[in-house]
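Novice:
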Amino acid sequence: MSKRDYYEVLEVGKSATIDEIKSAYRILAKKYHPDLNPDDKEAESKFKEATEAYEVLSDEEKRKRYDTYGHSAFSTEDFSGFGGFGGFGGFGIDFDDLFGDLFGGGSQSRRRNVPRKGRDVSGVLDLDFKEAVFGVEKELKYKNRTECNDCKGTGAENGTEIETCPICKGSGYVTQTQSTLFGQFASKTACRNCQGTGKVIKKACSTCKGQGIIENEKTIKIRVPAGVNDDTIIQMGGLGDSGINGGPPGDLLVHLRIKKDENIKREGFNLYRDIKISFPQACLGAEIEVETLDSVESYSIPKGTQSETIFKLKGKGVPILKREGRGDFFFKVRVDVPEKLTDRQKELLREFAEEENQTVKESKKGFFDKAKDFIEGLGD
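The numbers in the sequence shown follow the working numbering, run straight up by one, and end at 493.
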């Protein structure tokens with residue numbers, strides 16, 4: 114089986130810089146490393162292929178030879194195997210430099226005491242439809258984890274000692290050797306005895322049980338601005354978990370969940386609803402009252418209005434978020450057809466139909482109507 118082009122293997126162009134080649138290889142090495150893909154033959158093969166390509170393209174002299182002569186510039190002995198983590202036999206690659214942090218190695222120990230931002234926490238705030246439109250101030254209960262005040266985050270009872278871990282000698286990691294098809298890999302992992310801290314607590318803090326942190330339940334007032342949408346996230350800085358090693362605290366992410374209104378719908382900053390009008394109102398026109406979210410407005414319906422006609426009340430919609438002004442309020446009229454009519458109403462409608470040369474269904478006479486006609490017939 115012929116070898117693939119080294120540039121193709123690393124997914125870079127022929128003009129790629131050394132940094133671009135290194136970055137591409139780092140991604141592939143993390144993806145296919147045998148320690149992360151146990152018993153996966155295909156991953157092992159891809160890892161070896163990527164490593165071989167990197168060995169050549171990262172070396173200026175070897176890259177020139179490859180660009181000139183291709184794969185024929187190297188013998189198979191040049192890539193005969195791996196000699197261990199950090200120096201892979203024929204592959205002279207410093208894996209600690211490339212991705213030692215992947216295995217909890219040297220870079221982990223260097224970063225162990227680096228200040229890091231605390232974890233973000235989240236909560237859900239339920240809003241009524243009207244509250245979301247016009248804004249509201251509401252309380253939210255949420256939980257976060259902060260440094261224990263009694264032990265100042267050390268996890269140790271006041272007055273007790275914190276010792277150097279006897280397993281890792283304070284480094285925070287241990288070295289493990291694993292055999293693979295390509296030889297032995299020496300990987301560095303966090304020390305389980307001290308959880309990577311390099312320190313061991315003799316007596317745990319009674320308040321936080323040696324964790325150095327405590328869980329709190331808090332209540333905060335949140336001012337929700339007018340015009341927010343469903344699923345909007347409000348970020349409250351510094352209200353999350355405490356930072357690590359003196360880092361800043363995380364944030365509180367408030368997810369807004371808005372209830373729907375039975376009659377009014379929202380699209381962007383505009384509002385929509387349906388309103389019923391009678392047949393005479395549609396025919397002759399009328400002054401009607403339209404109920405919006407925050408007012409009752411008068412509107413003149415013109416004569417001859419058809420059902421499904423849409424009218425607009427300008428500036429009666431949703432306040433525009435972080436800007437001045439409001440959207441519009443649209444209402445669709447639906448002509449209400451009565452199910453029951455008086456005899457007089459029926460008569461008038463039939464007369465109207467006759468005027469318009471329209472055919473309507475003949476009414477069925479009831480018992481008393483028929484009796485009346487019979488009696489009147491006897492008198493003739």
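We put the beta carbon where it would ideally sit given N, CA and C, even for glycine. Note that the structure is a prediction, hence the values are computed from the model and not measured.
Once the 5 residues before and after LEU397 are set aside, which same chain residues still bring their CB inside 7 angstroms of it?
Specialist: Cβ neighbours of LEU397 beyond the five flanking positions: LYS416.
Novice: Between CYS318, ILE326, LEU434 and VAL287, which lies nearest to CYS307 when the distance is taken from Cα to Cα?
Specialist: Measuring from the Cα of CYS307, the nearest candidate turns out to be VAL287.
Novice: Closer than 7 angstroms by C-beta to TYR119: which residues in its own chain qualify, once you throw out the five before and the five after it? Chain order, please.
Specialist: ALA166, VAL169, LEU170 and TYR179, listed in sequence order.
Novice: Heavy atom of the ligand COA less than 6 angstroms from the Cβ of LYS230, yes or no?
Specialist: The ligand COA is not part of the structure shown, which contains no ligands of any sort.
Novice: Closer than 8 angstroms is the cut-off here; do at least three beta carbon pairs connect the segment 254-273 with the segment 375-385?
Specialist: With the cut-off at 8 angstroms, the segment 254-273 and the segment 375-385 do not touch.
Novice: Hey, ARG229 and GLY325 are a contact pair by Cβ (cut 8 angstroms); roughly how many whole angstroms apart?
Specialist: About 14 angstroms separates the two Cβ atoms, so there is no contact after all.
Novice: On the criterion of 16 or more Cβ atoms from any shown chain inside 10 Å, does ARG223 qualify as buried, or is it exposed?
Specialist: With a pLDDT of 48 at ARG223, under the threshold of 50, the modelled position of this residue cannot be trusted; read the value that follows with caution. Counting Cβ neighbours within 10 Å, ARG223 comes out exposed, since fewer than 16 surround it.
Novice: In terms of DSSP beta bridges, what is GLN348 paired with?
Specialist: Beta-bridge pairing links GLN348 to LEU366.
Novice: Along the chain, which unbroken stretches of the alpha helix (DSSP H) at least 4 residues long are found entirely within the segment 406-438?
Specialist: List check, alpha helix (DSSP H) in window: nothing returned.
Novice: With a threshold of 8 angstroms on Cβ separation, who are the neighbours of ILE414 within its own chain once the five nearest residues in sequence on each side are excluded?
Specialist: Correct list, in chain order: ILE390, GLN394, ALA395, GLY398, ALA399, GLU400, ILE401, PHE424 and VAL446.
Novice: State buried or exposed for THR332, treating a residue as buried only when at least 16 other CB atoms are found within 10 Å of its CB.
Specialist: Exposed, since its Cβ has fewer than 16 Cβ neighbours within 10 Å.
Novice: Could you give the first and the last residue of the continuous alpha helix (DSSP H) run that contains ILE134?
Specialist: That run of the alpha helix (DSSP H) goes 131-145.
Novice: Can you say whether TYR182 is buried or exposed, counting buried as having 16 or more other CB atoms within 10 angstroms of its CB?
Specialist: That one is exposed.
Novice: Under the DSSP definition of a beta bridge, which residues are partnered with GLY285?
Specialist: Bridge partners of GLY285: none, in fact.
Novice: May I ask which residues mark the beginning and end of the alpha helix (DSSP H) holding SER158?
Specialist: Here the alpha helix (DSSP H) through SER158 covers 154-170.
Novice: In the DSSP output, what is ARG229 paired with across the bridge?
Specialist: Per DSSP, ILE357.
Novice: Expressed to the nearest angstrom, what Euclidean distance is found between the alpha-carbon atoms of ASP263 and ASN329?
Specialist: So the two alpha carbons sit approximately 15 angstroms from each other.
Novice: Could you tell me if VAL538 is buried or exposed, where buried requires 16 or more neighbouring beta carbons within 10 angstroms of its beta carbon?
Specialist: The structure shown does not extend to residue 538, since the chain spans only 114 to 493, so no value can be given for it.
Novice: Less than 7 angstroms separating the beta-carbons of TYR138 and ALA156?
Specialist: Against a cut-off of 7 angstroms, the Cβ pair of ALA156 and TYR138 comes out as no contact.
Novice: Looking at the structure shown, is ARG305 part of a helix, part of a strand, or coil, going by DSSP?
Specialist: Correct three-state label for ARG305: coil.
Novice: Just to confirm before moving on: does the CB-CB distance between LEU369 and VAL409 stay below 7 angstroms?
Specialist: No, Cβ-Cβ distance for LEU369 and VAL409 is not below 7 angstroms.
Novice: I need the DSSP call for SER185, collapsed to helix, strand or coil.
Specialist: Helix.
Novice: In three-state DSSP terms, what is LEU149?
Specialist: Of the three classes helix, strand and coil, the one that applies to LEU149 here is coil, per DSSP.
Novice: If we ignore side chains and look at the alpha-carbon of each, how far apart do VAL246 and GLY363 end up?
Specialist: Going by the C-alpha atoms only, they are around 29 angstroms apart.
Novice: Which residue wins for smallest C-alpha separation from GLU380, given the options PRO361, ASP354, ARG439 and ILE388?
Specialist: Checking every option, the nearest Cα to that of GLU380 belongs to ARG439.
Novice: Do ARG258 and ASP354 count as a contact pair if the criterion is CB distance below 7 angstroms?
Specialist: Yes, they are a contact pair.
Novice: Buried or exposed, going by whether 16 or more other CB atoms sit within 10 Å of the CB of ILE371?
Specialist: With 16 or more Cβ atoms within 10 Å of its Cβ, ILE371 is classed as buried.
Novice: Rounded to the nearest angstrom, what separates LYS135 and GLY283 at their Cα positions?
Specialist: Cα-Cα distance, rounded: 32 angstroms.
Novice: Should GLY231 go down as buried or exposed, given a rule of 16 or more other Cβ atoms within 10 Å for buried?
Specialist: Classification of GLY231: buried, given that the 10 Å Cβ count is 16 or more.
Novice: State the CB to CB distance for the pair LYS251 and ILE388, rounded to an integer number of angstroms; the pair is presumed to be in contact (CB under 8 angstroms).
Specialist: Incorrect: roughly 31 angstroms between the Cβ atoms, too far for contact.
Novice: Run the CB neighbour count on PRO279, radius 10 Å, all protein chains shown included, and call it buried at 16 or more, exposed below.
Specialist: With fewer than 16 other Cβ atoms within 10 Å, it is exposed.
Novice: Just checking my contact of VAL337 with LEU253 at CB under 8 angstroms: how many whole Å lie between their CB atoms?
Specialist: With a Cβ gap of about 10 angstroms, VAL337 and LEU253 do not count as contacting.
Novice: Hey, VAL403 and PHE444: beta-carbon distance below 7 angstroms or not?
Specialist: Yes, these two residues count as a Cβ contact at 7 angstroms.
Novice: Alpha carbon to alpha carbon, how far is THR290 from GLY196? Give it in angstroms, no decimals.
Specialist: Residue confidence for GLY196 is low, a pLDDT of 38 falling below 50, so the modelled location carries little weight and cannot support an answer.
Novice: Can you tell me the Cα-Cα spacing of CYS304 and THR277, whole angstroms?
Specialist: For CYS304 and THR277, the distance between alpha carbons rounds to 12 angstroms.
Novice: State buried or exposed for PRO147, treating a residue as buried only when at least 16 other CB atoms are found within 10 Å of its CB.
Specialist: Per the 10 Å Cβ criterion, buried.
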